[in-house]
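**Q** In terms of numbering that gives the first Met the number 0, the sequence shown is residues 0 to 189.
My questions all concern the structure below.
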Amino acid sequence: MLCVHWGTADAALVEWTVVSGENGHFYGITDSASDWASAEATAISLGGHLATITSSSEQAFVETTFLNGSFEHLPLWIGLTDEVSEGTQVWVTGEPLGFSNWKSGEPNNDLGDEDYITINWDFFRNQGFKGTWNDTPLNGTTGWGGNTTGPYHGLVEVVPEPASSLLLLGGMLFCGATLFACRRKQEAGK
Ligand SMILES: [Ca+2]
Ligand SMILES: [Ca+2]
Ligand SMILES: [Ca+2]
């Protein structure tokens, strides 16, 4: 589903538009199921990361946009992990963990090796609520029914590069101002 031709017209990437105060980032689902680390590597190769869901509105956007149709009951990797320090969940981007949407009883580090976070895992079993989070092993879970057996697709979030356009705009403004100042100086010197 996710097209790798980033920067060209790409119908598979969906923008969470800035219009009503959203972040302007682009989201998509990786083409194939993989372990969490491979999904994150794919996201990085696309210029992003696995998605960071840092607000209830971002959670709602993800649910509305991706957890429907054939993906309604599909778990997806997100960019949250406690692989570095057990029990300390961190976003791969370093964003603070304020918002969360754990399934009741999660994260439980079941079997002692659940360090990689999915959304919608429980809904994939036709249980619980759409979009809730669950920590699972690197390859996903096995043996929990409802086709929850991993691996899973990754939910990717790409931040466009406003910095370069801002830099360009800033540069143009600076040049314009400099030219203007030069003209004034020349005129003054006449
Ligand atoms: Ca995000
Ligand atoms: Ca863990
Ligand atoms: Ca778990």
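Heads up, the beta-carbon is just placed ideally off N, CA and C, and yes, glycines get one too.
If you're wondering where the values come from, they're calculated on a predicted model, not measured in any experiment.
1) Counting along the chain, where does the alpha helix (DSSP H) carrying T80 start and finish?
2) F98 by DSSP, collapsed to three states: which one?
3) Reducing DSSP to helix, strand and coil, say where I118 ends up.
4) Which residue comes first and which comes last in the alpha helix (DSSP H) that contains I43?
5) Kindly indicate the opening and closing residues of the beta strand (DSSP E) around F25.
6) Does ligand 3 have even one heavy atom less than 7 Å from the beta-carbon of T87?
7) From what residue to what residue does the beta strand (DSSP E) around E156 run?
8) Cβ atoms of D121 and I135: under 8 Å apart, would you say?
9) Does the stretch 66-74 come close enough to the stretch 82-99 that 3 or more CB-CB pairs lie under 8 Å?
10) Just verifying my parser: in three-state terms, what is the DSSP assignment at T140?
11) Got a sec, what are the start and stop residues for the alpha helix (DSSP H) T147 sits in?
12) Which residues count as close to ligand 3 when the rule is a CB under 7 Å from any of its heavy atoms, in chain order?
13) Are the CB atoms of F25 and P150 within a distance shorter than 8 Å?
14) Opposite T131 in the DSSP bridges: which residues?
15) By how many angstroms is the C-alpha of S19 removed from the C-alpha of I77?
16) Determine the closest residue to E85 out of W15, W35, N107, with distance taken between C-alpha atoms.
**A** In brief:
1) No alpha helix (DSSP H) holds T80; the beta strand (DSSP E) holding it covers 75-80.
2) Coil at F98, not helix or strand.
3) Here I118 sits in strand by DSSP.
4) Element bounds for I43: 35-44.
5) Looking at the DSSP string, the run of the beta strand (DSSP E) that includes F25 is 25-28.
6) No, the Cβ of T87 stays beyond 7 Å of every heavy atom of ligand 3.
7) Looking at the DSSP string, the run of the beta strand (DSSP E) that includes E156 is 152-157.
8) Note on identity: in this sequence residue 135 is Thr, with Ile being the wrong assignment. Not a contact, by the Cβ cut-off of 8 Å.
9) No: fewer than three Cβ pairs fall under 8 Å.
10) The answer is strand: DSSP assigns T140 an E or B state.
11) For T147, there is no enclosing alpha helix (DSSP H), as DSSP marks it with neither H nor E.
12) Those residues, listed in chain order, are E105, P106, N107, N108, D109, E113, N133, D134, T135.
13) Against a cut-off of 8 Å, the Cβ pair of F25 and P150 comes out as no contact.
14) Beta-bridge pairing links T131 to no other residue.
15) Between the C-alpha atoms of I77 and S19 there is a straight-line separation of about 24 Å.
16) Nearest option by C-alpha distance: N107.
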